[in-house]
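Numbered by my numbering, the letters in the sequence shown go through residues 1389 to 2025 in order. By construction, the Cβ of each residue, glycine as well, lies at the ideal position given by its N, Cα and C atoms. Remember, it's a predicted structure, so these values are computed and weren't measured experimentally.
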Amino acid sequence: MLNLTVTVRLTNKAILFFILAIGAILRFWNFGDIPFSHDEFSALFRTEYSSFQELIDFGVKPDGHPAGIQVFLYYWTGWFGKTEWIVKLPFALLGLLSIGLIYAIAKEWFNDTVGLLSATLMACLQYPVVYSVTARPYISGMFFVLAMVWFWTRLVKYPNKPFVFNSILYILFSALCAYNHHFSLLFAVIVGLSGLFFIPKKALLKYALCGLVIFLLYVPHLSIFFHQLGNKGIEGWLAKPEPDFLWNFIRYIFHYSWILLFLVIGIVGLGIFQYRKTTFSPKPFMLFLSWFMLPFLIGYFYSTEVNSVLQYSVLIFSFPFLFFVLFGHLSNQTPVINFTLVIVIALVSIFTLNVKRQHFRLLYNSHYQHIVSDIGVARRLNAHPFIIDSHHKISQYYQDKEEYPAKYVWCDLFENELEFRAYIRSQADLSTSIYFGAWSSTNPNYESIIKEYYPNETWVRNYLGGSTHIFSQGTASDSLFSRLNFKEKEQVHWNNIDRKRIILEENSYLLDSLSEWSPTYKIRLGDIVTHKNNTVRASVRIKPISGIQGVSLVAIVEENGKTKHWSNVELSRFVETDKEQWQVVHQGINLSDVAAGPGAIITFFVWNQGKEKLYIKDFEIRRVEGNKVKYGLRDDF
């Protein structure tokens, strides 16, 4: 009887292929079902031009990114169409190739163990996984950076080997970095300058010529660069970074998971325990630490002093080198130990990716699509009309693609809250429930007005970037936190009350030419909210006497002496001045859009800047739970 013995030998190369398989699964799982993000839609809409010059003038210059990826999408979608998986495919492939590249670079500078651990995190962390399936200049830039660093490494470590071949590819990928994103351009400059400290003197002139060629390749783009530099940028919606930005970024990288973070710290500690002075060189450590830190520091100080540009996405180009800082001191382990470490990191990363970050549930459900598709649920529950606030062109995309019910009412049809209330009031006698689909930037006052007539939220679905609701007539579902009662002498959290201005017959309060400020509600944020994505809403009844010009309901959030939020709602948006009757005014703060901690102070009051004569009563403060996953791919929820 023939006895065959098969010996399976575990190698580091086999482990790498195992990691690549994991990375492929996480990126290509139900690949055709991954919807476009808002930024992807924006880029695709900017490919709809009839000429290349129009693309540059109207699709690139008004945007904040270099021309590279926009031009690529222009031709790619022109050749192959705009189906989601087709548009995303090149980026997913670059994300997968980046796993192999980071392994190769780590092995060149350190050893197989560092390479395999870095590749595992690259394969499994949500940060690179999300951007691998997003057709924007982030994963492409990370791939270009890694490819550039690989050929840069060949230049500085082996200048006697085919210098021309390595220098051509170094120049090519540096130029691609420059045309991809301004932060990948910045990183290319940092790498280029770093080479001056590593390149042998005999190759310095040739290296300098490489830099000159890279600059000459970028010269055609300089006019676009300076045009974009003159644009206002994204500070209109991107807040300036807080001092804890870097720590929050680290937490974000590791899924806001203490389990994953402690696992990484444990591996770092293992390396320190096995540390041998003869095998550790401080020069590479300082190199990669500077590569990780400099883009952050430059972005941070530029954002705080000039114009806000720093967000997690722009640090993806320097992010891979954090792994070298963490693991660069590890000595080379046996394949068995390497495989054990890879398995443990992969299991914890995938578990936290799916359970804590809810990656697949959030990423694979577009709020734009559900805002129109959930109308089908509303129909089955006899809720009508269907009111939506969303992006018109994106909504039409899903309407054309899926043939969803098309008869809905747009919020932006109404000039102000007064018109919106008139419409909702007209529906209250016709329907006992109403559907409302809203994206993240929806005016919170719309929901408050709906709740005047439909106070009970009977159905809600929260998605990344938006929510859909069904509101019904009945008992209010919101939490009434405080109501100003002028009959009582002591009012908790209310101050600036002049008892002489109280009209007991109507339980109201008089504002006139001698009173610029109403009673004020003031409370610590931590004493009123249960989650950072809560919305705090104030409402007050107004009876105008002489007019409401220059009168508004103000909301302020302050922390450590700094104003984190200030907004005012003019009464004219809500109140009909020709009617001397009680009318409700609303003001709301979506706390998910305010960078403030539990110690911040939130304040509401009526500001009678116009010194008009009016009465106020029923000043109420309510807490609304809000959408906890509104920014779920970025924030800890």
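Distance from the CA atom of Leu1443 to the CA atom of Cys1598, rounded to whole angstroms, is 30 Å. Between the C-alpha atoms of Leu2021 and Pro1550 there is a straight-line separation of about 44 Å.
DSSP lists no beta-bridge partner residue for Val1963. In the DSSP annotation of this structure, the continuous segment of the beta strand (DSSP E) that includes Gln1975 starts and ends at 1971-1978. Exposed is the label assigned to Ile1933, since fewer than 16 other Cβ atoms lie within 10 Å of its Cβ.
A straight line joining the alpha-carbon of Pro1986 with that of Leu1913 spans about 5 Å. Shortest Cα-Cα distance from Asn1400 to any of Val1973, Ser1940, Ile1812, Thr1722 involves Thr1722. Scanning Asp2023, Ser1783, Trp1538, Val1924 for the CA closest to the CA of Ala1943 turns up Val1924. Judged by beta-carbon spacing, Gly1935 lies within the 7 Å limit of Glu2000, meaning their Cβ atoms are closer than that value. Rounded to whole angstroms, the separation of the alpha carbons of Thr1522 and Leu1461 is 12 Å. Of the residues assessed, His1772 falls on the buried side of the cut-off, its CB having 16 or more other CB atoms within 10 angstroms. Listed in chain order, the non-local C-beta contacts of His1615 below 8 Å within the same chain comprise Lys1449, local neighbours out to five positions each way being set aside. Apart from sequence neighbours up to five positions away, the residues of its chain that approach Arg1524 with a beta-carbon distance below 6 Å are Asp1427, ordered along the chain.
In this structure, the alpha-carbon of Phe1712 lies about 39 Å from that of Asn1978. In the structure shown, the three-state DSSP call for Glu1946 is strand. The C-alpha of Leu1593 lies about 22 Å from the C-alpha of Ala1566.
Per DSSP, Ala1523 lies in no beta strand (DSSP E) and is assigned neither H nor E.
For secondary structure counted as the beta strand (DSSP E) over 3 or more consecutive residues, the segment 1466-1548 holds no complete run.
The C-beta separation of Gly1503 from Trp1540 comes to about 17 Å, leaving the pair out of contact by the 8 Å criterion. Of the candidates Tyr1595, Val2012, Glu1968, the residue whose Cα lies closest to the Cα of Lys1920 is Val2012. Contact between Leu1801 and Glu1964 does not hold, since their C-beta atoms are separated by about 19 Å, which reaches or exceeds 8 Å. It is roughly 35 Å from the alpha-carbon of Tyr1437 to the alpha-carbon of Gly1764.
DSSP places Tyr1700 within a helical segment (H, G or I) once states are collapsed to three. If you look at Asn1726, you'll find it in the alpha helix (DSSP H) that goes 1723-1739.
DSSP links Ala1826 through a beta bridge to Asp1777, Ser1855.
Annotated three-state conformation of Glu1958 is strand, per DSSP. The segment 1392-1456 contains, as complete alpha helix (DSSP H) runs of 4+ residues, the segments 1400-1416, 1426-1433 (chain order).
Collapsing the DSSP output to three states places Leu2021 in coil. Straight across, the Cα-Cα distance linking Phe1709 with Ile1413 is about 24 Å.
Taking all protein chains shown into account, Tyr1834 has 16 or more neighbouring C-beta atoms within 10 Å of its C-beta and is therefore buried. The three-state reading of DSSP puts Val1760 in helix, counting H, G and I together.
For Leu1769, the secondary structure class from DSSP, reduced to helix, strand or coil, is coil. Beyond the five residues adjoining it in sequence on each side, Ile1704 comes within less than 8 Å, by CB distance, of Tyr1515, Pro1516, Tyr1519, Tyr1526, Ile1527, Gly1529, Met1530 in the same chain, given in chain order.
Assignment of alpha helix (DSSP H) within the segment 1863-1919, counting only whole runs of 4 or more residues, yields no such run. The Cβ-Cβ distance between Leu1685 and Ser1691 does not fall below 7 Å.
A contact is defined here as three or more CB-CB pairs under 8 Å, and the segment 1775-1783 meets this definition with respect to the segment 1816-1830.
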